[in-house]
Amino acid sequence: MNFQHKLFVSEEIVINILNRLPLKSLAKFECVSKNWQKVIAEIYRNRLWWPKPYQIGFFCVERRSQSRFFFSSKESPLLVGAILDKSINFIGERVYIISSSNGFLLCNKLRSRQRVYYVYNPATRQRLDLPKTQICMKDPYVGFTCKVDEDNSVSFTIVRYETPPSTWHELQYYLIIESFSSETNVWTANKQILDVPLQLYPSRDKISSSSSGVVNGVFFWLDNNEERITVFDSVEKSFWAYVLPEWRTPNYSNSCCLGFTGGELCFAYNRLNIITCWRLSNFRSRDNTVWVCKYVVDVTYVFQKCSEDFGLGGGSNLGMEVQNMVFHPALPYILYLQIRGKVIACDVSTRTVELVYDFGEAWRKTQEYKLFSYEWPQWPRLL
182 MNFQHKLFVS
192 EEIVINILNR
202 LPLKSLAKFE
212 CVSKNWQKVI
222 AEIYRNRLWW
232 PKPYQIGFFC
242 VERRSQSRFF
252 FSSKESPLLV
262 GAILDKSINF
272 IGERVYIISS
282 SNGFLLCNKL
292 RSRQRVYYVY
302 NPATRQRLDL
312 PKTQICMKDP
322 YVGFTCKVDE
332 DNSVSFTIVR
342 YETPPSTWHE
352 LQYYLIIESF
362 SSETNVWTAN
372 KQILDVPLQL
382 YPSRDKISSS
392 SSGVVNGVFF
402 WLDNNEERIT
412 VFDSVEKSFW
422 AYVLPEWRTP
432 NYSNSCCLGF
442 TGGELCFAYN
452 RLNIITCWRL
462 SNFRSRDNTV
472 WVCKYVVDVT
482 YVFQKCSEDF
492 GLGGGSNLGM
502 EVQNMVFHPA
512 LPYILYLQIR
522 GKVIACDVST
532 RTVELVYDFG
542 EAWRKTQEYK
552 LFSYEWPQWP
562 RLL
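Here the sequence shown is numbered in my numbering, starting from 182 and rising by one per residue.
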């Protein structure tokens, strides 16, 4: 007797597979069935509405290099479902997240020497190991950007540099900048002559995770001397620095954040319970830039709004207890504050606050936690 076995594939799996395909492939499958035609039409609609990834939450890195993910709103789990890998610790190695871009994470699995990196996609659980760097840097400044072309192909660039500790008190006339391109799969090191000598300080990995970024090939970092931002244009191959709008207290380097939000480069600083945010006009210009005050947040007011609902209580020096600050990458008036083990979203425009996540631990243990904002692509990209 001949038995015909039919393979059943759930609709959720079919939609997941179709979501990963480029538009050219989807066009060929519209004639399979009316249900597939409906699903593909919905995929088209979503891709037109969200041409770029949108921020859905944060990866948190603990002191022990453990990581976990949490959503920034209640609606995000409904949109993403169970597709996102919320923890990258299953790899079985010591994992440290360096940066996030376009739905991908740049990780380091040998943090003590900073020579081995890999790119990880939490949506597809793909991992791409990169060649070992040419130069050994103990604790470099690292920038990471990932680009997705129209055919869904992915390319990424990494830039890093380090200031030798022995020369922290001297002017730097040149830097060794090492970069990696996925198109060549090779690390290259170049000597960058500085037009204006700078007194740069080595990184000690004490500043907030919101201390670097990249826009259109221009990388920027919050320099550890807490007076300026260093900038590297990977296209023009030029390096310079911007002076910050206000002096920061060196002992509390987690009281500030730097990031690109709402199309603007912004810097926020917490001093005496008052958080002030500035935006930098003409960011891509080296000479015609001006810091403009954007908004002011009273930390005492945030505590008053959250003390009963979120269990924060009071205190004599509340500003000191802001352990971390992170900008929303798309919404310019949303600032995330990490206070006593809780992540709170502060909407400056409406003066409202919302509890985003509670680590459920003594807040002193969360002081070393770092938050990396994560964007979700409407259709997961393959490496």
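Yeah, the Cβ is synthetic: ideal placement off N, Cα and C, and Gly gets one too.
- Remark: C-beta atoms of phenylalanine 240 and serine 281 approach each other more closely than 8 Å.
- For secondary structure counted as the beta strand (DSSP E) over 3 or more consecutive residues, the region 445 to 476 holds these complete runs in sequence order: 445 to 452 and 455 to 462.
- In this chain, the beta strand (DSSP E) harbouring leucine 516 covers 515 to 520.
- Bounds of any beta strand (DSSP E) do not take in asparagine 366, whose DSSP letter is neither H nor E.
- In terms of Cβ geometry, leucine 311 and tyrosine 322 do not form a close pair [threshold 8 Å].
- Asparagine 469 and serine 554 have their alpha carbons spaced roughly 30 Å apart.
- Contact between the region 465 to 485 and the region 535 to 547 is not established, with fewer than three Cβ pairs separated by less than 8 Å.
- DSSP lists Tyr342 as the beta-bridge partner residues of tyrosine 322.
- Residue burial annotation: alanine 208 is exposed, with fewer than 16 other C-beta atoms found within 10 angstroms of its C-beta.
- Taking 8 Å as the upper bound for CB-CB distance, glutamate 364 and serine 336 are in contact here, some 6 Å apart.
- In this structure, the beta-carbon distance from phenylalanine 251 to leucine 265 does not fall below 8 Å.
- Annotated three-state conformation of glutamate 193 is helix, per DSSP.
- Rounded to the nearest whole angstrom, the CA to CA distance from arginine 460 to tyrosine 514 is 12 Å.
- Contact annotation: tyrosine 354 and leucine 375 have beta-carbon atoms nearer than 8 Å.
- With a contact defined as Cβ atoms closer than 8 Å, glutamate 243 and tyrosine 550 qualify at about 6 Å.
- DSSP places valine 377 in the strand class (E or B) of the three-state scheme.
- The secondary-structure analysis by DSSP pairs isoleucine 358 across a beta bridge with Tyr342 and Asn371.
- Secondary structure of glutamate 502 (DSSP, three-state): helix.
- Restricting attention to Asn333, Arg452 and Leu446, the CA atom closest to the CA of valine 471 is found in Leu446.
- Straight-line spacing of the CA atoms in lysine 290 and arginine 308 works out to 12 Å.
- Around the Cβ of glycine 444, a 10 Å sphere holds fewer than 16 other Cβ atoms; the residue is exposed.
- The closest CA to that of valine 473, considering only Thr457, Asn366 and Val524, is found on Thr457.
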